[in-house]
Amino acid sequence: SHEKLEIRLSEKGAPILAEQDEQVVAFACDGGEWLPDLPRFAHDDVTGIADFIEKRYGLGQW
Numbered sequence: 025s026h027e028k029l030e031i032r033l034s035e036k037g038a039p040i041l042a043e044q045d046e047q048v049v050a051f052a053c054d055g056g057e058w059l060p061d062l063p064r065f066a067h068d069d070v071t072g073i074a075d076f077i078e079k080r081y082g083l084g085q086w
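The sequence shown begins at 25 in our numbering and counts up one residue at a time.
Here it is in structure tokens:
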């Protein structure tokens, strides 16, 4: 099992997977629903998502 980033599009109206899956550690969404205790990024915020992943996993630390 591995940690996940949940991608959400409000127009889809799908259930929030993180409510059932503890492996979800953050959301990338277009402003729809998410769990407030997890980090949230705009779905097109590539830099923010990359920075989150880098810091979370200690990447780039030599």
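Glycine is no exception: its CB is placed at the ideal position from the N, C-alpha and C atoms.
- Secondary structure note for GLU78: it is in no beta strand (DSSP E), and the uninterrupted alpha helix (DSSP H) holding it is 70-81.
- The criterion of a C-beta distance shorter than 8 Å is satisfied by LEU29 and VAL49.
- Per DSSP, the beta bridge partners of LEU29 are ALA50.
- The Cβ atoms of ILE77 and TRP58 lie no closer than 8 Å to each other.
- A residue is called buried once 16 or more other Cβ atoms fall within 10 Å of its Cβ, and ALA52 is buried on that count.
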